[in-house]
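S.K.: Residue numbers (my numbering): 102 to 726. Okay, here's the structure, questions in a sec.
See the structure below:
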């Protein structure tokens, strides 16, 4: 069986201080112990898998440095083309079928798995603890330089799937809405199903902090520290800066640069930082570093100083200068301790040069929920993957326990109130508790945090519920008492009172029901609250009836007053007319012995009587009570 030693230099550079060429030379030297090696071609005679496993195990021990890692090379069929992963042995279908019968006779477990048109031979030396997301090694492979936006090598910067995202945290937050186990399995699924490009596209969304959309969020927030950064972009004011960021997100680097250069670069920190990202995307690192240096001179807030140093460190990393990058990440953390991306990238550098330090650096992030998707999708944390996944699951379970505790507090607070509360209130609280319970047991980190806060707030609401409801009912009692006083005053003013009037009966009922409510409010509300609510509803129904009866009585009162006014004024006017029409003609006959003027006749009297009628009617209609 002839196999080719295929080295993964980008993978080797991520974990070993030695050069990839040195590692390849050591591998060939060890393989020569048992096998014929010509350059990178290795001849493995039949029945010699035991010796191959022994050599690979020896190389793993030699290179491990306490890290849980696959070897930085694979053994593949000569000239084969496929998606190869480090530390594996790949065979053609023909070789796999020829080898399969002899696997059972080996002194160790050996299995064949189909992979991308070939077969992978798994033996103890190629095994390592991978975790739920078993494809982290692919995050470090690829034919291109690392993308300045997402860090992957599988595409050019202009083609990065994360470049044109409107909101930097949109995909990121969707990951946090899943349980850690579900999130990791969802990341692994496309690769396991052979949909490599789909899986890589998802993983390109893992870092939110080197995107044009993140710069837009960063610039609109004016946050003083990273912990005060919002998760959604504020309103933009337009102008060259934001139009340039829009062009940058669309991959039009030339237009973006033109826009940024129209800003006042002598004092515009934001434009300089945007130009630095543009230069990085255009793969001109020296120019990007120049703009970052200029931006550093204008940075003032801790968040700005930290971001400049974070970006500077990342630019050095892109050039393969991990030790220098490490210094900048440490400086960024000194400027702003809440700049968690700097801590992640610092730990990623330390994995290669100071592995024990990397664990210490990551410790504060294990309780930082926002950092978890980045932690779990960083390729250089491959040696820590099982540990990080376990820590994420542990954090999830801890948050779940806290939320369950808050839920239990709320349920305990509701239990004694069930008999006291109205049915609709009990149903409302029970529905809320059911929603919180579903979020706790089915939701991801974000739902857990929301559920815990909702359960806590509900518990507080229930604990003070009796007091608040008592206050509310006492306030209503005062309102009811004022209403009683008002209706009593109206009844005393009403001039046509009758003992059998419905209004009088309603007033008496209202007084009795108010006395009952007062006694219920003085008693233990836990026992009387439901009856107090029912009593309040009864009082409100009586008040509604009283309002209708008052309207009826007012109408009756007004009608009677108008009728009385009409009769009074009409009689007075008629009396005056009668006296005038009787006395004036008599005086003419008595004093002058002649007839009175023609005006004093029956027709005039009738016309004036009609006018008196109209005037009396108008006067009566204007009467008020």
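Idealized CB from N, CA, C, for every residue including glycine. Since we're looking at a predicted model, the values are computed, not measured.
If you draw a straight line from the C-alpha of residue 113 to the C-alpha of residue 244, how long is it?
M.R.: Within the chain shown, residue 113 is the residue found at index 12, counting from 1. Within the chain shown, residue 244 is the residue found at index 143, counting from 1. Rounded to whole angstroms, residue 113 to residue 244 spans 14 Å at the Cα level.
S.K.: Tell me whether residue 155 sits in a helix, a strand or coil according to DSSP, three-state version.
M.R.: Position 54 of the chain shown, counted from the first residue, corresponds to residue 155. Three-state result, residue 155: helix.
S.K.: Quick check on DSSP: helix, strand or coil for residue 296?
M.R.: Mapped onto the chain shown, residue 296 falls at position 195. Coil.
S.K.: For residue 199 and residue 305, what's the separation of their Cα atoms in angstroms?
M.R.: Reading the chain shown from its first residue, position 98 is the one you call residue 199. Reading the chain shown from its first residue, position 204 is the one you call residue 305. Cα to Cα, the separation comes out at about 40 Å.
S.K.: Relative to the C-alpha of residue 519, which candidate in 452, 628, 127, 277 has its C-alpha closest?
M.R.: Numbered from 1 along the chain shown, position 418 holds the residue referred to as residue 519. If we check each option's Cα against that of residue 519, 628 comes out closest.
S.K.: May I ask you to verify whether the stretch 525 to 545 touches the stretch 577 to 597, counting CB pairs closer than 8 Å and requiring at least 3?
M.R.: No, the stretch 525 to 545 does not touch the stretch 577 to 597.
S.K.: For residue 122, is the classification buried or exposed, using 16 other Cβ atoms within 10 angstroms of its Cβ as the cut-off for buried?
M.R.: Translated into positions along the chain shown, residue 122 becomes position 21. Counting Cβ neighbours within 10 Å, residue 122 comes out exposed, since fewer than 16 surround it.
S.K.: Check the C-beta distance from residue 158 over to residue 208 and give it rounded, since I have them as a contact under 8 Å.
M.R.: For the purposes of this step, residue 158 is taken as residue 57 along the chain shown, with counting starting at 1. For the purposes of this step, residue 208 is taken as residue 107 along the chain shown, with counting starting at 1. Not confirmed; about 13 Å, so no contact.
S.K.: Which stretch, first to last residue, makes up the beta strand (DSSP E) that contains residue 120?
M.R.: For the purposes of this step, residue 120 is taken as the residue at position 19 of the chain shown. No beta strand (DSSP E) contains residue 120, which DSSP labels as neither H nor E.
S.K.: Skipping 5 residues on each side, what residues in its chain have a beta carbon closer than 8 Å to that of residue 430?
M.R.: Reading the chain shown from its first residue, position 329 is the one you call residue 430. Hits under 8 Å: 410, 411, 414, 443, 444, 446, 447, 450.
S.K.: What three-state label does DSSP hand residue 701 in the structure shown?
M.R.: The residue given as residue 701 occupies position 600 in the chain shown. Residue state, collapsed to three classes: coil.
S.K.: Could you name each continuous alpha helix (DSSP H) segment of 4 residues or more that falls completely within the stretch 143 to 189, going from the start of the chain to the end?
M.R.: Correct list: 150 to 164.
S.K.: What does the alpha-carbon distance come out to for the pair residue 376 and residue 383?
M.R.: Locating residue 376 in the chain shown gives position 275, where the first residue counts as 1. Locating residue 383 in the chain shown gives position 282, where the first residue counts as 1. So the alpha carbons of these two residues sit roughly 10 Å apart.
S.K.: Buried or exposed for residue 715, please, with buried defined as at least 16 other CB atoms from any protein chain shown within 10 angstroms of its CB.
M.R.: By one-based count along the chain shown, residue 715 stands at place 614. Residue 715 is exposed by the Cβ-count criterion.
S.K.: What are the residues that DSSP puts in a beta bridge with residue 212?
M.R.: Counted from its first residue, the chain shown places residue 212 at position 111. Partner(s): 223.
S.K.: CA-CA distance, residue 105 and residue 424?
M.R.: What you label residue 105 is simply residue 4 of the chain shown in a count that begins at 1. What you label residue 424 is simply residue 323 of the chain shown in a count that begins at 1. If you take the alpha carbons of residue 105 and residue 424, they lie about 33 Å apart.
S.K.: In whole angstroms, give me the CA-to-CA distance for residue 727 and residue 279.
M.R.: Because the chain is modelled from 102 through 726, residue 727 falls outside the range shown and cannot be assessed.
S.K.: From 475, 222, 220, pick the residue whose C-alpha is nearest to that of residue 237; which is it?
M.R.: Locating residue 237 in the chain shown gives position 136, where the first residue counts as 1. Residue 475 is the option with its Cα nearest to residue 237.
S.K.: So, with DSSP's three-state summary, where would you put residue 138?
M.R.: Taking the chain shown and counting its residues from 1, the one referred to as residue 138 is at position 37. Residue 138: strand per DSSP, three-state reduction.
S.K.: Is residue 246 near residue 416, with beta carbons less than 8 Å apart?
M.R.: Taking the first residue of the chain shown as 1, we reach residue 246 at position 145. Taking the first residue of the chain shown as 1, we reach residue 416 at position 315. No. Outside cutoff.
S.K.: Look at the alpha carbon of residue 336 and the alpha carbon of residue 367, and state the distance between them as a whole number of angstroms.
M.R.: Translated into the one-based positions of the chain shown, residue 336 becomes position 235. Translated into the one-based positions of the chain shown, residue 367 becomes position 266. Approximately 25 Å between the Cα atoms of the pair.
S.K.: If you reduce the DSSP assignment to three classes, tell me which class residue 438 lands in.
M.R.: For the purposes of this step, residue 438 is taken as residue 337 along the chain shown, with counting starting at 1. It is coil, neither helix nor strand.
S.K.: Using the DSSP secondary-structure output, state which residues sit across from residue 191 in a beta bridge.
M.R.: Looking up residue 191 in the chain shown gives position 90. Paired residues: 221.
S.K.: Give me the Cα-Cα distance between residue 488 and residue 386, rounded to the nearest whole angstrom.
M.R.: On the chain shown, residue 488 is found 387 positions in, with the first residue counted as 1. On the chain shown, residue 386 is found 285 positions in, with the first residue counted as 1. Residue 488 and residue 386: Cα-Cα distance of roughly 35 Å.
S.K.: Here's the rule: buried if 16 or more other CB atoms are within 10 angstroms of the residue's CB, otherwise exposed. What is residue 457?
M.R.: On the chain shown, residue 457 is found 356 positions in, with the first residue counted as 1. By the 10 Å Cβ count, residue 457 comes out exposed.
S.K.: For residue 555, does the three-state DSSP call read helix, strand or coil?
M.R.: Here residue 555 refers to the residue found at position 454 of the chain shown. It is helical.
S.K.: So, helix, strand or coil for residue 126, using DSSP?
M.R.: Counting from 1 along the chain shown, the entry for residue 126 is found at position 25. The answer is helix: DSSP assigns residue 126 an H, G or I state.
S.K.: Taking residue 107 as part of the beta strand (DSSP E), name the residues at either end of that continuous run.
M.R.: Your numbering for residue 107 matches position 6 in the chain shown. It spans 103 to 108 - the beta strand (DSSP E) in which residue 107 sits, taken as one unbroken run.
S.K.: Have a look at residue 388 and residue 381 and give me their C-alpha separation to the nearest angstrom.
M.R.: Start at 1 with the first residue of the chain shown, and residue 388 comes out as number 287. Start at 1 with the first residue of the chain shown, and residue 381 comes out as number 280. Answer to the nearest angstrom: the Cα atoms are 8 Å apart.
S.K.: Excluding sequence positions up to five away, which residues of its chain have a Cβ less than 7 Å from the Cβ of residue 648?
M.R.: The count along the chain shown starts at 1 and reaches residue 648 at position 547. No residues qualify anywhere along the chain.
S.K.: Assuming residue 171 and residue 227 form a contact by the criterion Cβ under 8 Å, report the distance between their Cβ atoms to the nearest whole angstrom.
M.R.: As a working note, residue 171 is residue 70 in the chain shown. As a working note, residue 227 is residue 126 in the chain shown. Contact holds; Cβ gap of about 7 Å.
S.K.: Out of 502, 569, 613, which one is the CA nearest neighbour of residue 542?
M.R.: Taking the first residue of the chain shown as position 1, residue 542 is located at position 441. It is 502.
S.K.: Thinking residue 250 and residue 312 are a contact (beta carbons under 8 Å), I'd like their distance in whole angstroms, please.
M.R.: Locating residue 250 in the chain shown gives position 149, counting from the first residue. Locating residue 312 in the chain shown gives position 211, counting from the first residue. Right, their Cβ atoms sit about 6 Å apart.
S.K.: Residues in its own chain within less than 6 Å of residue 521 by CB, not counting five upstream and five downstream?
M.R.: The residue given as residue 521 occupies position 420 in the chain shown. Closer than 6 Å at Cβ, skipping near neighbours: 627, 630, 631.
S.K.: State whether the stretch 653 to 661 contacts the stretch 589 to 605, with contact taken as three or more CB pairs (one from each stretch) at a distance under 8 Å.
M.R.: Taking 8 Å as the limit for Cβ pairs, the verdict is that the stretch 589 to 605 does touch the stretch 653 to 661.
S.K.: For the 8 Å Cβ check, are there 3 or more pairs between the stretch 669 to 687 and the stretch 610 to 620?
M.R.: Flag = no, the stretch 669 to 687 and the stretch 610 to 620 do not touch.
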